[in-house]
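Enquirer: Residue numbers (my numbering): 16 to 228. Ideal placement from N, C-alpha and C gives every residue a C-beta, glycine not left out. Note that this is a predicted model, so its numbers are computed, not measured. The structure's right below; bear with me while I get my questions together.
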Amino acid sequence: MQEWLIEHKLYVAAAVLLTIGGFYYFNDSSASPEQSLQAAAQENKLEAVSEKPDQEKQDIKQPETIMVDVKGQVKRPGVYQASAGERVIDVIGRAGGLTAKADQTQVNFAEHVQDEMVIYIPSKGEDGLAVPGIAAGGQITNGGASNQQGKINLNKADTAELQTIPGIGPAKAAAIIDYRETSGGFKTIEDLKNISGIGDKTFEKLKDLVDVR
16 MQEWLIEHKL YVAAAVLLTI GGFYYFNDSS ASPEQSLQAA AQENKLEAVS EKPDQEKQDI
76 KQPETIMVDV KGQVKRPGVY QASAGERVID VIGRAGGLTA KADQTQVNFA EHVQDEMVIY
136 IPSKGEDGLA VPGIAAGGQI TNGGASNQQG KINLNKADTA ELQTIPGIGP AKAAAIIDYR
196 ETSGGFKTIE DLKNISGIGD KTFEKLKDLV DVR
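Here it is in structure tokens:
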């Protein structure tokens with residue numbers, strides 16, 4: 016036997032190597048599908064984690080920046096940046112707050128600000144709706160429902176203010192308020208014609224006296 020092994024040692028060595036190589040080959044082949052699945056799952060998990068912050072950044076919308084002009088009885092009048100959704104009181108705070116002469120009773124501090132809005136703070140004893148020297152194009156708010164051109168805002172005016180419009184009495188004023196509360200507000204001034212008693216002829220007389228902004 017020993018002589019046979021010596022004579023055939025090359026064949027024996029080759030057989031041993033083939034056996035060892037085959038063992039590792041089949042062992043690796045049988046494990047590779049599972050390992051591949053685990054590796055793929057881990058890779059997908061890492062990709063999902065890395066992509067999530069980017070998706071979250073895209074979902075977060077930056078607030079719209081608007082410009083508001085603050086005039087009258089504030090400590091630092093001027094043009095201030097604001098974000099959509101902020102209110103008059105927020106912008107007045109940036110302007111240093113009110114002076115001792117400011118008439119707070121004429122100011123709607125809770126009103127939302129809009130781009131190009133003019134916030135005018137009247138003095139005590141001053142008519143809050145009389146705002147001299149204001150350039151056309153901006154909306155004025157001072158607690159009333161009239162805008163810069165003296166038009167009545169259909170979405171903000173109360174019953175008394177609506178009755179200052181020629182031809183609008185208590186009944187129509189109440190109907191206007193009821194309409195804006197049930198319909199989500201006036202979208203255009205033409206919506207006035209949806210009010211009972213306001214037809215085309217009446218609307219023609221009122222259209223230059225009212226606004227919806």
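1) For V225, list the residues DSSP reports as bridge partners.
2) Expressed to the nearest angstrom, what Euclidean distance is found between the alpha-carbon atoms of T174 and Y194?
3) With the cut-off set at 8 Å, would you say V85 and G112 are in Cβ contact?
4) Report, in whole angstroms, the separation of the C-beta atoms of I136 and L224, which I expect to be a contact under 8 Å.
5) Measuring straight from C-alpha to C-alpha, what distance separates V128 and D226?
6) Return the first residue and the last residue of the alpha helix (DSSP H) that D105 is part of.
7) For the alpha helix (DSSP H) that contains T174, what are its first and last residues?
8) Thinking C-beta only, is V106 closer than 8 Å to A97?
9) Give the straight-line distance between the Cα atoms of T80 and E101, rounded to the nearest whole angstrom.
10) Tell me the rounded alpha-carbon separation between I210 and R228.
11) Check the DSSP bridge columns for S138 and list the partner residues they point to.
12) What distance in whole Å lies between the Cβ atoms of V83 and M132, which are believed to be in contact at a cut-off of 8 Å?
13) Mark A46 as exposed unless 16 or more other C-beta atoms lie within 10 angstroms of its C-beta, in which case mark it buried.
14) Determine the extent of the beta strand (DSSP E) in which K86 is found, giving its start and end residues.
15) Quick check on DSSP: helix, strand or coil for A190?
16) F218 and K202 look like a contact to me (Cβ under 8 Å); what is the Cβ gap, rounded to whole Å?
17) Cα separation between G199 and K171?
18) Around the Cβ of A117, are there at least 16 other Cβ atoms within 10 angstroms (buried) or fewer (exposed)?
19) Under 6 Å Cβ to Cβ from A110, same chain only, skipping five residues before and after it: list those, please.
20) Measuring straight from C-alpha to C-alpha, what distance separates T120 and L177?
Expert: In this structure, then:
1) Stepping through the sequence shown from its first residue, residue 225 is reached at position 210. Partner(s): I167.
2) Translated into the one-based positions of the sequence shown, residue 174 becomes position 159. Translated into the one-based positions of the sequence shown, residue 194 becomes position 179. Cα-Cα distance, rounded: 13 Å.
3) Locating residue 85 in the sequence shown gives position 70, where the first residue counts as 1. Locating residue 112 in the sequence shown gives position 97, where the first residue counts as 1. Not in contact: V85 and G112 (Cβ atoms no closer than 8 Å).
4) The sequence position of residue 136 within the sequence shown is 121, counting from 1. The sequence position of residue 224 within the sequence shown is 209, counting from 1. No, I136 and L224 are not in contact; Cβ-Cβ is about 25 Å, not under 8 Å.
5) To locate residue 128, count along the sequence shown from 1; it is residue 113. To locate residue 226, count along the sequence shown from 1; it is residue 211. Near 17 Å, if we compare the C-alpha coordinates of D226 and V128.
6) As a working mapping, residue 105 is identified with position 90 in the sequence shown. Looking at the DSSP string, the run of the alpha helix (DSSP H) that includes D105 is V103 to R109.
7) Here residue 174 corresponds to residue number 159 of the sequence shown, with the count starting at 1. Per DSSP, T174 belongs to the alpha helix (DSSP H) from T174 to L177.
8) Residue mapping note: residue 97 aligns to position 82 of the sequence shown, counting from 1. Residue mapping note: residue 106 aligns to position 91 of the sequence shown, counting from 1. Yes, these two residues count as a Cβ contact at 8 Å.
9) Taking the sequence shown and counting its residues from 1, the one referred to as residue 80 is at position 65. Taking the sequence shown and counting its residues from 1, the one referred to as residue 101 is at position 86. If I take the Cα positions, the gap works out to 10 Å.
10) Position 195 of the sequence shown holds residue 210. Position 213 of the sequence shown holds residue 228. Going from the Cα of I210 to the Cα of R228 covers about 19 Å.
11) Taking the sequence shown and counting its residues from 1, one reaches residue 138 at position 123. In the DSSP output, where bridge partners are listed per residue, S138 has A117.
12) Locating residue 132 in the sequence shown gives position 117, where the first residue counts as 1. Locating residue 83 in the sequence shown gives position 68, where the first residue counts as 1. At roughly 5 Å, the Cβ-Cβ gap stays under 8 Å, so M132 and V83 are in contact.
13) By 1-based counting over the sequence shown, the position of residue 46 is 31. Note that A46 has pLDDT 48, beneath the 50 cutoff, so the model's placement of it is unreliable and no number is given.
14) Locating residue 86 in the sequence shown gives position 71, counting from the first residue. Its beta strand (DSSP E) spans residues T80 to G87.
15) The sequence position of residue 190 within the sequence shown is 175, counting from 1. Correct three-state label for A190: helix.
16) Against the sequence shown, residue 218 aligns to sequence position 203. Against the sequence shown, residue 202 aligns to sequence position 187. About 15 Å separates the two Cβ atoms, so there is no contact after all.
17) Numbered from 1 along the sequence shown, position 184 holds the residue referred to as residue 199. Numbered from 1 along the sequence shown, position 156 holds the residue referred to as residue 171. Computed Cα separation, rounded: 12 Å.
18) Taking the sequence shown and counting its residues from 1, one reaches residue 117 at position 102. So A117 counts as buried.
19) For the purposes of this step, residue 110 is taken as residue 95 along the sequence shown, with counting starting at 1. Answer for A110: V85, V89 and R91, listed in chain order.
20) Indexing the sequence shown from 1 puts residue 120 at position 105. Indexing the sequence shown from 1 puts residue 177 at position 162. Each residue's alpha carbon lies about 19 Å from the other.
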